[in-house]
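The numbering of the sequence shown is this note's numbering, which starts it at 20 and goes up by one.
We put the CB at the ideal spot given by N, CA and C, even for glycine.
Here the structure comes first, spelled out in structure tokens, and everything after it is commentary.
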Amino acid sequence: MDDKERIKAVGLLSGGLDSTLAIKIMLEQGIRVTALHFRTGFSFVERNRVAGREPSRPYDAERAAAMLGVPLEVIDVSDEYLPLVLHPRYGYGSGMNPCVDCRIFLLRKAKAWMEAHGHHFVFTGEVLGQRPKSQMRPSLNTVERESGLRGYLLRPLSAKLLRPTVPEQRGWVNREKLYEISGRGRKEQIRLAEQFGITDYPQPSGGCCYLIDQTYSRRLRDFLAHEGPEALTPEQVQLLAVGRHLRLLSGHKVIVGRHERENAYLATCGVEGVLLTTVDHPGPTTLVPGGPAREEIELAARITAGYSDGKEEPAVRVEVRGDGEPVKVLTVAPMVREEMQALMV
Ligand code: SF4
20 MDDKERIKAV GLLSGGLDST LAIKIMLEQG IRVTALHFRT GFSFVERNRV AGREPSRPYD
80 AERAAAMLGV PLEVIDVSDE YLPLVLHPRY GYGSGMNPCV DCRIFLLRKA KAWMEAHGHH
140 FVFTGEVLGQ RPKSQMRPSL NTVERESGLR GYLLRPLSAK LLRPTVPEQR GWVNREKLYE
200 ISGRGRKEQI RLAEQFGITD YPQPSGGCCY LIDQTYSRRL RDFLAHEGPE ALTPEQVQLL
260 AVGRHLRLLS GHKVIVGRHE RENAYLATCG VEGVLLTTVD HPGPTTLVPG GPAREEIELA
320 ARITAGYSDG KEEPAVRVEV RGDGEPVKVL TVAPMVREEM QALMV
């Protein structure tokens with residue numbers, strides 16, 4: 020048996036092009052690869068599933084692993100991940116994305132998995148200089164050091180621009196066949212994908228999770244300011260990614276579905292609160308979490324009517340359920356768009 024056949028490596032797989040290419044490069048060198056995919060609760064795939072976008076597509080990581088023919092371990096770290104989002108040691112990126120802490124956390128997990136399963140090293144699809152903060156050289160070094168993987172963390176796409184790692188020094192991996200990709204451009208990766216015959220990959224989204232998304236980040240900051248970090252549960256994390264979010268002047272939150280799947284989600288997401296729907300016109304489902312006061316329910320009813328097909332009518336009937344009283348119908352004047360815009364988070 021060739022030496023290389025005994026070398027086993029752990030590759031982090033988000034399902035995006037870079038991590039897919041990194042695995043392909045390792046496979047081409049005869050390395051046996053196990054892909055690890057971590058569910059943090061903030062992935063785009065998770066949000067799309069909740070919000071009903073591309074509902075029939077399996078996780079991108081699953082598709083990528085199947086296409087590459089490598090075993091995939093999916094590990095849910097969402098409970099442990101939340102504190103890291105709230106108190107990142109290395110701060111946030113352009114949104115609420117704690118990328119450096121996130122990489123350290125996930126790579127520590129990968130290291131533990133590697134050791135428990137007799138693998139030799141860990142690799143990722145990180146590209147030097149691709150992201151302004153987390154993938155500059157000092158951050159890559161910090162991540163390597165803090166994850167405990169010093170010398171055992173290979174970045175095949177940028178390896179020739181980085182210090183040789185133990186796998187290269189020991190000849191497990193041929194450094195000459197690794198790459199020197201850097202920067203934000205995607206040309207090199209797309210060319211490499213063509214060369215490897217990889218055609219099915221998601222378009223780059225500017226990050227691997229929605230903590231980088233400005234709208235989501237704004238909502239999360241608003242949530243933490245009004246309701247406090249202790250109120251942030253995994254359900255709330257998902258809820259912040261769904262629908263339109265408005266905050267009444269009283270401080271209460273109102274969430275309005277934008278389409279059928281979001282409406283269905285709001286009605287079944289497990290967050291307690293009052294649900295509103297229009298009676299005579301097609302319209303959204305609205306959730307007012309917690310126990311809103313009567314005036315707040317009335318405002319939420321006006322908002323529900325304002326987003327319904329009855330928005331031009333002088334009065335619209337809105338059904339209210341879940342406020343601790345029998346289901347009732349309120350007749351309200353739809354709120355005008357400008358007023359709703361002013362409440363938007
Ligand atoms: S964008 Fe990627 S690295 Fe940054 S916090 Fe999200 S999952 Fe982690």
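Q: Figure out for me which residue from 289, 34, 175 has the closest Cα to the Cα of residue 57.
A: 34
Q.
Rounded to the nearest angstrom, what separates residue 44 and residue 188 at their Cα positions?
A. 17 Å
**Q.** Local conformation of residue 113 per DSSP, three classes
**A.** coil
(Q) I'd like the span of the beta strand (DSSP E) that includes residue 297, first residue to last. (A) 292-297
Q.
Can you tell me whether residue 59 sits near the ligand SF4, meaning its C-beta is under 7 Å from at least one heavy atom of the ligand?
A. yes
Q. Helix, strand or coil: how does DSSP classify residue 266 here?
A. strand
Q. What residue does the alpha helix (DSSP H) around residue 238 start on, and which one ends it?
A. 233-246
Q) Which residues in the same chain have their Cβ closer than 7 Å to the Cβ of residue 97, if we skip the five residues on either side of it in sequence? A) 58, 59, 60, 253
Q | Local conformation of residue 26 per DSSP, three classes | A | coil
(Q) Suppose you measure from the CA of residue 110 to the CA of residue 120; what does that come to, to the nearest Å? (A) 8 Å
Q. I think residue 350 touches residue 322, with their Cβ atoms under 8 Å apart; what is that distance to the nearest whole Å?
A. With 8 Å as the limit, residue 350 and residue 322 do not qualify as a contact, their Cβ atoms being about 15 Å apart.
Q: Determine the burial state of residue 212: buried for a count of at least 16 other Cβ atoms within 10 Å of its Cβ, exposed for fewer.
A: buried
Q | Residue range of the beta strand (DSSP E) that includes residue 140 | A | 140-142
Q. So, helix, strand or coil for residue 74, using DSSP?
A. A caution first: residue 74 carries a pLDDT of 45, below 50, which makes its placement in the model unreliable, though a value can still be read off. Residue 74: coil per DSSP, three-state reduction.
**Q.** Beta-bridge partners of residue 308, as assigned by DSSP
**A.** 292
Q.
Any contact between the stretch 299-318 and the stretch 338-352? By contact I mean 3 or more CB pairs, one from each, below 8 Å.
A. yes
Q. Between the stretch 292-303 and the stretch 319-333, are three or more C-beta pairs nearer than 8 Å?
A. yes
Q) Helix, strand or coil: how does DSSP classify residue 125 here? A) helix
Q: Ignore the nearest five residues each way along the sequence and tell me which others in residue 75's own chain have a CB closer than 8 Å to its CB.
A: Here the model assigns residue 75 a pLDDT of 44, short of 50, so the residue's position is not dependable, and the following value carries that caveat. So the list is empty, once near-sequence residues are dropped.
Q: For residue 87, I'd like the list of residues in its chain whose CB is within less than 6 Å of its CB, leaving aside the five on either flank, ordered along the chain.
A: 42
Q: Jot down the residue ranges of each uninterrupted alpha helix (DSSP H) in the stretch 330-363, minimum 4 residues, whole runs only, in chain order.
A: 356-362
(Q) Taking 6 Å as the limit between beta carbons, can you name the residues of its chain near residue 20, skipping five residues before and five after? (A) The predicted position of residue 20 is uncertain, since its pLDDT is 46 and thus under 50; no value can be drawn from it.
Q. Any chance the CB of residue 230 is under 7 Å from a heavy atom of the ligand SF4?
A. yes
(Q) Just to confirm my understanding: we take residue 328, look at its own chain, exclude 5 residues before and 5 after, and list those with CB closer than 6 Å. What are they? (A) 300, 301
Q. So, are the CB atoms of residue 79 and residue 303 less than 8 Å apart?
A. no
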